[in-house]
Structures are given as structure tokens and as C-alpha cells.
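Engineer:
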Amino acid sequence: MQLSHRTIRRSSIVIGIFTLFVIAIQFIGKRVENPPVTAPLKAPAEVAEILRRACYDCHSNETKLTWYDNIAPVSWLISSDVAEARSRFNFSTWDTLSPADQQGRLWEMVNMVQNGKMPLATYIAAHPAAKLTAKDLAVLKKYVTDGSPSKYHDTAVINQADKEFHSFQKTNTADLVAANGVKYIPDYQSWQVISTTNRFDNHSIRVVYANPIAVKAIQANNIHPFPEGSAVVKVVWNSIEEQNGDITPGSLNSVQIMIKDNKRFADSKGWGYAKFNGINLKPYGSTPMFNTTCYNCHKAASENDYLFNLPLPKSGLK
Amino acid sequence: MKNILFLLFLLTAASACQPSVREADTREMFNAEGLRVITSFANTQQQTMSVLYGNESASAAALSGYQTHLPGEIFRLVVYKQTDNRLWYGSHINGALLSVETITSGDQLNYKLEKGHVSGDNTSASDRIAYIFSHKPSVFP
Numbered sequence: 001m002q003l004s005h006r007t008i009r010r011s012s013i014v015i016g017i018f019t020l021f022v023i024a025i026q027f028i029g030k031r032v033e034n035p036p037v038t039a040p041l042k043a044p045a046e047v048a049e050i051l052r053r054a055c056y057d058c059h060s061n062e063t064k065l066t067w068y069d070n071i072a073p074v075s076w077l078i079s080s081d082v083a084e085a086r087s088r089f090n091f092s093t094w095d096t097l098s099p100a101d102q103q104g105r106l107w108e109m110v111n112m113v114q115n116g117k118m119p120l121a122t123y124i125a126a127h128p129a130a131k132l133t134a135k136d137l138a139v140l141k142k143y144v145t146d147g148s149p150s151k152y153h154d155t156a157v158i159n160q161a162d163k164e165f166h167s168f169q170k171t172n173t174a175d176l177v178a179a180n181g182v183k184y185i186p187d188y189q190s191w192q193v194i195s196t197t198n199r200f201d202n203h204s205i206r207v208v209y210a211n212p213i214a215v216k217a218i219q220a221n222n223i224h225p226f227p228e229g230s231a232v233v234k235v236v237w238n239s240i241e242e243q244n245g246d247i248t249p250g251s252l253n254s255v256q257i258m259i260k261d262n263k264r265f266a267d268s269k270g271w272g273y274a275k276f277n278g279i280n281l282k283p284y285g286s287t288p289m290f291n292t293t294c295y296n297c298h299k300a301a302s303e304n305d306y307l308f309n310l311p312l313p314k315s316g317l318k
Numbered sequence: 001m002k003n004i005l006f007l008l009f010l011l012t013a014a015s016a017c018q019p020s021v022r023e024a025d026t027r028e029m030f031n032a033e034g035l036r037v038i039t040s041f042a043n044t045q046q047q048t049m050s051v052l053y054g055n056e057s058a059s060a061a062a063l064s065g066y067q068t069h070l071p072g073e074i075f076r077l078v079v080y081k082q083t084d085n086r087l088w089y090g091s092h093i094n095g096a097l098l099s100v101e102t103i104t105s106g107d108q109l110n111y112k113l114e115k116g117h118v119s120g121d122n123t124s125a126s127d128r129i130a131y132i133f134s135h136k137p138s139v140f141p
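Protein chains in written order, with full-length UniProt numbering: chain A, 1 to 318; chain B, 1 to 141.
1) Given that R27 (chain B) touches chain A, what residues does it touch there, using C-beta distances under 7 Å?
2) Residues of chain B with a CB under 7 Å from the CB of L281 (chain A): which are they?
3) Taking only runs of the alpha helix (DSSP H) that begin and end inside the stretch 141 to 192 of chain A, which ones reach a length of at least 4 residues, in chain order?
4) Looking at the C-beta of D228 (chain A), does it have a partner C-beta in chain B at a distance below 8 Å?
5) What does G95 (chain B) reach in chain A if we use C-beta pairs closer than 9 Å?
6) How about H69 (chain B): is its C-beta nearer than 8 Å to some C-beta of chain A?
7) State yes or no: is the beta carbon of W107 (chain A) nearer than 8 Å to at least one beta carbon in chain D?
8) With G29 (chain A) as the anchor, note down where its alpha helix (DSSP H) starts and where it stops.
9) Taking 8 Å as the threshold (beta carbon to beta carbon), is N31 (chain B) in contact with chain A?
10) Within 10 angstroms of its Cβ, does G95 (chain B) collect 16 or more other Cβ (buried), or is it exposed?
11) Check whether the stretch 195 to 213 of chain A touches the stretch 85 to 92 of chain B, taking contact to mean three or more Cβ pairs, one atom from each stretch, closer than 8 Å.
12) Do L51 (chain A) and F91 (chain A) come within 8 Å of each other at the CB atom, strictly closer than that value?
13) So which residues of chain A does N85 (chain B) contact, with C-beta pairs closer than 8 Å?
14) At least one CB of chain B closer than 8 Å to the CB of Q189 (chain A): is that the case?
15) Taking the continuous beta strand (DSSP E) assigned at V79 (chain B), which residues delimit it?
16) Residues in the same chain with beta-carbon distance under 7 Å from I129 (chain B), minus the five sequence neighbours each way, listed in chain order, please.
17) Could you tell me which chain A residues have their CB closer than 8 Å to the CB of N43 (chain B), listed as they occur along the chain?
18) Where does the unbroken beta strand (DSSP E) through F290 (chain A) begin, and where does it stop?
19) Under three-state DSSP, which class holds A42 (chain B)?
20) Judging by CA-CA distance, which residue of A:K151, A:Y184, A:K163, A:N180 is the nearest neighbour of T173 (chain A)?
21) Does the stretch 3 to 14 of chain A come into contact with the stretch 32 to 47 of chain A, if we say contact requires no fewer than three beta-carbon pairs (one atom in each stretch) closer than 8 Å?
22) Is the beta carbon of residue 320 (chain A) sitting closer than 8 Å to the one on H203 (chain A)?
23) Quickly, what does DSSP pair R206 (chain A) with across the bridge? List them, please.
24) With respect to the alpha helix (DSSP H) encompassing I50 (chain A), which residues constitute its N-terminal and C-terminal limits?
25) Is it buried or exposed for residue 361 (chain A), if we count other Cβ within 10 angstroms and need 16 for buried?
26) Within 10 angstroms of its Cβ, does D121 (chain B) collect 16 or more other Cβ (buried), or is it exposed?
27) Taking only beta-carbon positions, decide if Y89 (chain B) is within less than 8 Å of chain A.
28) Cβ atoms of V182 (chain A) and R295 (chain A): under 8 Å apart, would you say?
29) Compare the beta carbon distance of S40 (chain B) and S50 (chain B) with 8 Å and say whether it is the shorter of the two.
30) Can you tell me whether T63 (chain A) is buried or exposed? The criterion is at least 16 other CB atoms within 10 Å of its CB, across all chains shown.
31) Which residues, taken in chain order from the stretch 127 to 145 of chain A, show a beta carbon closer than 7 Å to some beta carbon of chain B?
32) Any C-beta of chain A sitting closer than 8 Å to the C-beta of E23 (chain B)?
33) Straight-line CA distance for V100 (chain B) to I74 (chain B)?
34) For C277 (chain A), report the span of its beta strand (DSSP E) as first-last.
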């Protein structure tokens, strides 16, 4: 087929305009910049290699871009992803976090990898080397486990628990409310226990309660998603661990709440989170933004509508 | 007759459309029948996780260090097998139910193994009562 003179002229104009457009957009929008590395993570070589390979392009100030990553509009998408990733945690400013926060982030990271949430599938598609193997995951698991050893018969926790025991149930809970408006629920102890857990990452032991709406939903397997009005309360104690394997509850760590209110918490799949710390139940988070932090971590349990501690299905019992 | 058959057909169709929970997907939760948690504990070597419940007078007895008992106390210990939480490396969660034991107080303390079996060397009623009463109540706010 022979193209007419007119068609060729029209096509040239369209291509010309498109080229000019692409050139023009190169001068707008944000580009990834690499600020100085001020307080980097210090990890064993084997661990550092994995993190550099799979995480550093987004979660550090050492982002390495390919030539096409620099071309708008791809550069805009990458810039926004990297900004988001660095705001969650940044290996280049790692030592500015408290040791407890560092441990928390590392365990969260391992679980995001284990549950296939990280690295992002889109990133792996463009960077196949970032895909982590079972061996890589085992190395990361060992690293975090070694970093959170058991402290047997921890007298600090035991003494604090004794002190709290003597001021048992004296906390005034009437006006307790988190910054996002989620209120403390004083009568949760009359609810049904749905599960009990203990953790060797942050050395705690827990009892999880659910209100009648949530219990009914669990029984009917109507949990994808949980119905409006569902509420879950998790009571967390710092554990007292003994060499013979015994774990008992020590001082009160926190009371944590999730309520399903689809209108108020539309940005976090309907869940409003709250955490009341210590025996005085001090609300965690000074602004409503803390809800996003909770939600981000709970994404690891998205398959259970963001609940980590649903009772196991029969198929999961051994 | 035709109408009845049609009605039967409708009923069958309607019940088939009811969302039923697949047996393997059901999630069992121990029904404590109004008893409240006194404490919870675990043993990672024995791979067990336990919750001790009680009624109001049992909780009061537990708070007093199990020193004095009044008639009407009900203590119930539920023991589960420890399982890894698939969704969070770093967490154990209760798995299959291993046993349910109850202590009630009347003229004396009565022990009953309601369900399952108790492992270990010391499984007599008095041993189990002593074991259950060795657990201090948890600090609830």
C-alpha cells in the first residue's frame, strides 16, 4: 500500500508534536535525588548484600537508576515510589531510629518478604535480581531472630509486673481515645476470646478478643471483609521467659484495638486502629496519621482482612 | 401435586444458594460460656499455649493468691497446641485444642478433665490443681 503524500505529512506532524511533548515533559516533575548517607545500617556482609540487591533502590539514599528510569513519565512514577519507600524506612539514615524501632522495622520487612508483598512485583519485573530466594529469606530470618534474643527471667519485667499487680484495675478508662478518634473499649473482657499468641520477635504474650459481630462473622467465614461494626481487642503483656520454655505474662505492654467503620476509615480498608500503651494506657500516636503506620504493617495479613490472629481454620490445625 | 413439587424444588434451590462454610474453612473458638480470662501462658518446649478462665469468684480467689476458696468458684484451663503463625514470622498462635480441665469449689475443690488428655508425669487431680493454681492472674488495666 502506498501512503499518500497527505498521510505522510499528517503522520510527521503527529510524531513531531509527540517528540516535542516528550522533550518538554523532561523539564517538569520530580526526579530521584540521592541525599547523603548519614547513618547507614550496619549489617553482616551476607545480609547487606541481600538488602542492597532487593531493597536499596527504594529504601535508601543509594538509588541506582537505569537510563530509562530517568525519562519522564517513568521517572515521575519512580520518584514517587522512592519517596514513599524512604518515608517508611531508609537504610541510609537507619541509625537515627531507636533500637526498638530498628528491630520492629526489620521484622516487618522480613514478613513483607515472606508474604510476597515486597519487593514490589513491578520492581522485580524490571529488576529480576531483586527477587529473593528461600535461602535469602532464611538469612534474613536468622538475622532478625539473632537480633531479638530471649532474656531469661527478666527481673525488670517481673518487678514492673509485681508493681502493676498491686495497682490492679485502677486505671480510669472513661475518656481514653486515640488521635484518630478510636475510643478505648472498657468491657472487652466480657467478649469471646478468639485466639492467644506469643511472639519471639518482641517477646510478648497476648489474648485476642472479638465482639459478637466479629465472632459471628468468623463463625460464618464472613470475613472477606469483616462486617461493619466488628471490633477486635488484643491485650499484650511483656513476657517473662524461662529457660525451661515457660512464657508467662509480665507487665502490661498495651491494649490494641481494631474497629470496622468503613466511612471513617475508608483509607485503611475500613479499619480504625488504636493502641493504648502501658498500665496507664497512654494513647499511641499524636496525630491521626498513626493509623496509616498500623495499616501499612497489617497489609502483611491482607488475606485475612488485615487480622493477623484469626483462629486457624480446621485445615490449618495439625 | 405439581405445585408441591415446584415448592420443593424452590426450597432445595434456595438452600443450595445459602452460603455455607466449608468444613475445612471453619474456625473453632473455645466458648468460655461467660467465664473471663484470669491469665494465659505457654511453653515453647512442650509447644503448648494455655488460657485460664474463671467466673467472678474464681477471679477473686486467683487475685488473693488462691489462698482462700468459697463455694461456687469455677476455673477452666484450656490448653492448645502451639502453631507457627503463617502470616507473621516471629509469632506463635494457638492450634488444635489439647485439653479442657475444670476446677470447681464446693465443700472441697473438685477437678475434672473435661476433654482431651493431659501429658506429663504429674496428672493426678491434686497435681493438676496445684499446677493450675501456680499461675498468677495477668495484669488487666
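Every residue gets a Cβ at the ideal spot worked out from N, C-alpha and C, and that includes glycine.
Structural biologist: Let me lay it out:
1) Locating residue 27 (chain B) in the second sequence gives position 27, where the first residue counts as 1. The contacting residues are I218, L310, P311, L312, P313.
2) As a first step, residue 281 (chain A) is located in the first sequence; it is residue number 281 there, counting from the start. Those are P141, listed as they occur along chain B.
3) Counting whole runs of 4 or more residues, the stretch 141 to 192 of chain A contains the alpha helix (DSSP H) stretches 155 to 166.
4) Stepping through the first sequence from its first residue, residue 228 (chain A) is reached at position 228. It is Glu, not Asp, that sits at residue 228 (chain A) in the sequence shown. So no, E228 (chain A) is outside the interface.
5) For the purposes of this step, residue 95 (chain B) is taken as residue 95 along the second sequence, with counting starting at 1. Result: L312, G316, L317, K318.
6) Translated into positions along the second sequence, residue 69 (chain B) becomes position 69. Closer than 8 Å: no.
7) Here chain D cannot be found, since the structure's protein chains are A and B.
8) Taking the first residue of the first sequence as 1, we reach residue 29 (chain A) at position 29. Looking at the DSSP string, G29 (chain A) is not in any alpha helix (DSSP H), and its letter there is neither H nor E.
9) Against the second sequence, residue 31 (chain B) aligns to sequence position 31. Cβ-Cβ to chain A under 8 Å: yes for N31 (chain B).
10) By 1-based counting over the second sequence, the position of residue 95 (chain B) is 95. G95 (chain B) comes out buried.
11) With the cut-off at 8 Å, the stretch 195 to 213 of chain A and the stretch 85 to 92 of chain B touch.
12) Residue numbering aside, residue 91 (chain A) sits at position 91 when the first sequence is read from its first letter. Residue numbering aside, residue 51 (chain A) sits at position 51 when the first sequence is read from its first letter. Contact flag set, yes.
13) Residue numbering aside, residue 85 (chain B) sits at position 85 when the second sequence is read from its first letter. Residues of chain A passing the Cβ test: T197, F308, N309.
14) Counting from 1 along the first sequence, the entry for residue 189 (chain A) is found at position 189. True, the Cβ-Cβ gap to chain B drops below 8 Å.
15) Locating residue 79 (chain B) in the second sequence gives position 79, where the first residue counts as 1. Taken as a continuous stretch (DSSP letters only), the beta strand (DSSP E) holding V79 (chain B) covers 74 to 84.
16) Here residue 129 (chain B) refers to the residue found at position 129 when the second sequence is read from its first residue. Cβ neighbours of I129 (chain B) within its own chain (closer than 7 Å, five residues either side excluded): I103, L109, Y111.
17) In the second sequence, residue 43 (chain B) corresponds to position 43, counting from 1. The answer, in chain order, is N244, G245, D246, I247.
18) The count along the first sequence starts at 1 and reaches residue 290 (chain A) at position 290. That residue, F290 (chain A), is in no beta strand (DSSP E); its alpha helix (DSSP H) goes 290 to 298.
19) Looking up residue 42 (chain B) in the second sequence gives position 42. Strand, per DSSP.
20) The sequence position of residue 173 (chain A) within the first sequence is 173, counting from 1. Measuring from the Cα of T173 (chain A), the nearest candidate turns out to be A:Y184.
21) No, they do not touch.
22) Only positions 1 to 318 of chain A appear in the structure, and residue 320 (chain A) is not among them; the question remains open.
23) Within the first sequence, the letter at position 206 stands for residue 206 (chain A). Under DSSP, R206 (chain A) forms a beta bridge with A:T197, A:V236.
24) Counted from its first residue, the first sequence places residue 50 (chain A) at position 50. Unbroken alpha helix (DSSP H) run through I50 (chain A): 45 to 54.
25) A question about residue 361 (chain A) goes unanswered here, because the residues of chain A that appear run from 1 up to 318.
26) Position 121 of the second sequence, counted from the start, is the residue given in the question as residue 121 (chain B). By the 10 Å Cβ count, D121 (chain B) comes out exposed.
27) Counting from 1 along the second sequence, the entry for residue 89 (chain B) is found at position 89. Taking 8 Å as the CB threshold, Y89 (chain B) lines the interface with chain A.
28) Position 295 of the first sequence, counted from the start, is the residue given in the question as residue 295 (chain A). Position 182 of the first sequence, counted from the start, is the residue given in the question as residue 182 (chain A). Inspection of the sequence shows that residue 295 (chain A) is occupied by Tyr rather than by Arg. With respect to V182 (chain A), Y295 (chain A) sits apart: the two C-beta atoms are not nearer than 8 Å.
29) What you label residue 40 (chain B) is simply residue 40 of the second sequence in a count that begins at 1. What you label residue 50 (chain B) is simply residue 50 of the second sequence in a count that begins at 1. Cβ distance < 8 Å, so S40 (chain B) and S50 (chain B) count as in contact.
30) In the first sequence, the residue the question calls residue 63 (chain A) occupies position 63. Buried: at least 16 other Cβ atoms inside 10 Å.
31) Those would be K141, in chain order.
32) Working through the second sequence from its first residue, we reach residue 23 (chain B) at position 23. By this cut-off, E23 (chain B) is an interface position.
33) Start at 1 with the first residue of the second sequence, and residue 100 (chain B) comes out as number 100. Start at 1 with the first residue of the second sequence, and residue 74 (chain B) comes out as number 74. For V100 (chain B) and I74 (chain B), the distance between alpha carbons rounds to 13 Å.
34) Along the first sequence, one-based indexing puts residue 277 (chain A) at 277. Note on identity: in this sequence residue 277 (chain A) is Asn, with Cys being the wrong assignment. For N277 (chain A), the enclosing beta strand (DSSP E) covers residues 271 to 277.
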